[in-house]
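Chains as they are written, first to last, in my numbering: chain U, -10 to 101; chain B, 114 to 1005.
Right, here's the structure in full:
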């Protein structure tokens, strides 16, 4: 079972793009990640990750519509490729199989 | 309805957007670094984010955030240029740079001679220009370190005479007091009194005093406010006590010399065997260049004791060493003074209303006022011009050789263009090559500068201190110069090279005609020749003029006359002078001896006075110089009497001799008419004779009115007429006699002709420098010429071969080269002559006695250029002409 290696941040970006279903572009992904994870993410990091993912063939992109806010510039809209989706799935499967093997599943750490 | 609403909201967003735009510079920065295929989305995202942040918070925050993001992008790898099928390899790609270096070094090695010529020329040019800059800066930085530089003035005395104005640096003793009294608004005012060669004795508890002499230095008497005008740093004590008599401040160097330490407050010294003074302050040595480097400054209140009599109360006796400095502010300006000066003169010197003025001379002008002993600014600027010429000639060499070689590189340009180089890329490649050569040359130039600096320092006897390397303006100048040279020499060749059409270049169909540079190259060579010719004309004129003024008959004898300085005492001891005379006359080589106040060649010490003539009721409208001389003076210096007789020997003033100018100034044409008349100065004198005019100052000035009278107590030099013989032994003997008569003083002797040379030392130094640098410029020009001929010979190898085969003689072939350059020289001559004539005529205007610039000088310049060019050209062209045509034609 060989798959492309994904860093943790890349995985999140890839997931975010998948979640956003066609509306994913730099700023939107950044905001979404910030909202969901509470991390402070920098725009250039997201751009770098998106680009790497595209290089790896997990994302594809096309230019979208210009808006006034962007000074009449177009967005680059990202969507996941089949390979990208499969990779996410495989990651998920690997994790689940590990979780299943856990004899003593963690309980919320209330009494410590 | 909905559509209208959304359009409206869009409009509003637009408005707010227009008002608050993201930082433009940040965008600009991004554009520089971001690859073009990413720019749109990145900028778009950034702007959107900016708008989002604006809605959420303050503009300030949004901007901060924007910058933060942009920097993130600039630093990140996200934007590294991706190679797509459209992108080009960037100019600064490491691979391309390696390629450029390789090609550049191959080219240099292949054309070693040209590279060597270029580097040598540029190194010489840049090194010399840097040295010139150092010199110019030295002159312009003098005394600039004083905080009040812009508001300091020296009050001088100006006499208005029919022949023109005549300035001296001194003012009457009482001017300071009067000025302060009448114009309390003057911020600071200080009187200064200068004397040469201070001699300091340190009283010893036992044994003889230790004595120190500051040769070629000046001592001064100053008022304490002097230190409010000029900035001094104090190592011990200070100027506050200088209000009292018998106090003195000394420089750290002198304190160390006298006592071996700078903690010398309270110690006693004796100045010129006259004045006992207590040291009240030690100031830090002069670090910056200054015209007022007095190493020992006593209080003004000590001056009467030093002079041996109360200071003159009148406004008629003016010594050039008695100077007045002021610093001004808004309350009282130079313009105010100019308005009020006539009233001031009227009040204090009513008889001088017409001819006396006391103008204020700004400190920044003092160093350059030739009439008060300053440096000729014209010479400094001509040096500067030569510096620029040097750079231009060196650059012209570069351009000439580079364009001449352009043909050889046309293929390279063609290939590069076919492979996708843009014109801009090629342009920067060639500029880069130029920069590489220029920087190499600059390295060598700095070494040359180091050498030259030592040479110049020797010329100027250490007067020229280099505080140079630590000076930001130097770095600035160097960078400017190097950038200028790179641009001048790289721009045109790069333009020519990048302009080649690849198809033609690759087909080898670019000929030297198409390089287009041919006429440009010609005009550049003409410019170079013209510059060389102008410089040669300048060199000849300067040399001739200096020769002329140094050998012109000054009207008095100069040969084998030795002057010995008597001690600078308030009153000479007549007994000691007689004693000295007897001892000196006993030396067999000494033929005659005369005592006088000063020799015919003046040394900055001019005593002028107002006179009344005969029974004219009003004082005369001119101020003659008075000289105290004994009866032997006229004979010893070979002055000629045009009327009357010589002075009778006497120790006091009773009779006077006047010069011809004096008579003319009186409005009398026949010299005989003044003989027997009375002249009233401080005393009543009978005019007994008129001497022919002689030059007492240098030939830059004319001859002023003069009268001479006896007054033994005012003699300061002894002039000795010597027979031929061993002068060294005589001087040695004199020194022995002198120290026996004047044990408190030091012996100084100088030949009159040497002293005269010294008058022109500044001119001579400058002339030497001008010659030196002009010589370098000519050498650089020759280098370029040599390179050009070298190239021509290489180009014409085939042509020469064919011509020789068809029967051309060697002289025919030589003429092939010669006619080209001969034509250029003639054109250059036509350009250079009027310019050089104009400039040099201008320069000569400073001199009262000057040479004519005749056609001969231009002839010599033309001849010199022709000879230099012929020598440079002939070597290569003869080589080319002698070559066996078989060799040159076989290789096809």
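Think of the CB as a built atom: it goes at the ideal place given N, C-alpha and C, for glycine as much as any other residue. The model shown is predicted, which means the values in this text are computed figures rather than measured ones.
8 angstroms Cβ cutoff, residue i in contact with chain U
{"i": "residue 344 of chain B", "result": "no"}
{"i": "residue 186 of chain B", "result": "yes"}
{"i": "residue 1006 of chain B", "result": "Given a span of 114 to 1005 for chain B in the structure shown, any question on residue 1006 of chain B remains unanswerable."}
{"i": "residue 182 of chain B", "result": "yes"}
{"i": "residue 139 of chain B", "result": "no"}
{"i": "residue 153 of chain B", "result": "yes"}
{"i": "residue 164 of chain B", "result": "yes"}
{"i": "residue 191 of chain B", "result": "With a pLDDT of 45 at residue 191 of chain B, under the threshold of 50, the predicted position of this residue should be treated as unreliable, though the coordinate-derived value follows. Answer yes: the Cβ-Cβ gap between residue 191 of chain B and chain U drops below 8 angstroms somewhere."}
Residue i (DSSP reduced to helix, strand or coil)
{"i": "residue 571 of chain B", "result": "helix"}
{"i": "residue 707 of chain B", "result": "strand"}
{"i": "residue 817 of chain B", "result": "coil"}
{"i": "residue 425 of chain B", "result": "coil"}
{"i": "residue 473 of chain B", "result": "strand"}
{"i": "residue 900 of chain B", "result": "helix"}
{"i": "residue 196 of chain B", "result": "In this prediction, residue 196 of chain B scores a pLDDT of 46, lower than 50, which makes its location untrustworthy; the coordinate-derived value is nonetheless stated afterwards. Three-state DSSP puts residue 196 of chain B in coil, outside helix and strand."}
{"i": "residue 29 of chain U", "result": "coil"}
{"i": "residue 377 of chain B", "result": "coil"}
{"i": "residue 262 of chain B", "result": "helix"}
{"i": "residue 735 of chain B", "result": "coil"}
{"i": "residue 440 of chain B", "result": "strand"}
{"i": "residue 761 of chain B", "result": "coil"}
{"i": "residue 301 of chain B", "result": "strand"}
{"i": "residue 799 of chain B", "result": "strand"}
{"i": "residue 643 of chain B", "result": "helix"}
{"i": "residue 314 of chain B", "result": "strand"}
{"i": "residue 670 of chain B", "result": "coil"}
{"i": "residue 331 of chain B", "result": "strand"}
{"i": "residue 702 of chain B", "result": "coil"}
Beta carbon proximity, residue i to chain A, threshold 8 angstroms
{"i": "residue 156 of chain B", "result": "Looking at the structure shown, chain A is missing, and the protein chains on hand are U and B."}
Beta-carbon proximity list for residue i, same chain, < 6 angstroms, skipping 5 on both sides
{"i": "residue 356 of chain B", "result": "337"}
{"i": "residue 542 of chain B", "result": "213"}
{"i": "residue 740 of chain B", "result": "710 and 821"}
{"i": "residue 383 of chain B", "result": "314 and 389"}
{"i": "residue 778 of chain B", "result": "735 and 818"}
Identity of the residues DSSP links to residue i by a beta bridge
{"i": "residue 51 of chain U", "result": "U:66"}
{"i": "residue 361 of chain B", "result": "B:392 and B:411"}
{"i": "residue 676 of chain B", "result": "B:832 and B:863"}
{"i": "residue 595 of chain B", "result": "DSSP output for residue 595 of chain B lists no bridge partner at all."}
{"i": "residue 350 of chain B", "result": "B:394"}
{"i": "residue 273 of chain B", "result": "B:278"}
{"i": "residue 306 of chain B", "result": "B:334 and B:435"}
Contact with chain B by residue i, beta-carbon distance below 8 angstroms
{"i": "residue 63 of chain U", "result": "yes"}
{"i": "residue 93 of chain U", "result": "no"}
{"i": "residue 16 of chain U", "result": "yes"}
{"i": "residue 60 of chain U", "result": "yes"}
{"i": "residue 31 of chain U", "result": "yes"}
Own chain partners of residue i with C-beta closer than 7 angstroms, once the 5 adjacent residues on each side are dropped
{"i": "residue 840 of chain B", "result": "none"}
{"i": "residue 367 of chain B", "result": "408 and 409"}
{"i": "residue 896 of chain B", "result": "230, 233, 234 and 510"}
{"i": "residue 74 of chain U", "result": "7"}
{"i": "residue 553 of chain B", "result": "232"}
Cβ neighbours of residue i in the same chain (closer than 8 angstroms, five flanking residues each side left out)
{"i": "residue 124 of chain B", "result": "Bear in mind that the predicted position of residue 124 of chain B carries a pLDDT of just 40, short of 50, making it unreliable; the figure below should be weighed with that in mind. Nothing listed; no residue qualifies."}
{"i": "residue 300 of chain B", "result": "264, 439, 440, 441, 442, 444 and 445"}
{"i": "residue 350 of chain B", "result": "362, 378, 392, 393, 394 and 395"}
Beta carbon of residue i nearer than 8 angstroms to that of residue j
{"i": "residue 671 of chain B", "j": "residue 468 of chain B", "result": "no"}
{"i": "residue 363 of chain B", "j": "residue 395 of chain B", "result": "yes"}
{"i": "residue 886 of chain B", "j": "residue 503 of chain B", "result": "yes"}
{"i": "residue 517 of chain B", "j": "residue 941 of chain B", "result": "no"}
{"i": "residue 53 of chain U", "j": "residue 72 of chain U", "result": "no"}
{"i": "residue 307 of chain B", "j": "residue 333 of chain B", "result": "yes"}
{"i": "residue 818 of chain B", "j": "residue 726 of chain B", "result": "no"}
{"i": "residue 978 of chain B", "j": "residue 641 of chain B", "result": "no"}
The ligand NAD heavy atom lying under 7 angstroms from the CB of residue i
{"i": "residue 399 of chain B", "result": "The ligand NAD is not among the ligands present in this structure, which contains no ligands whatsoever."}
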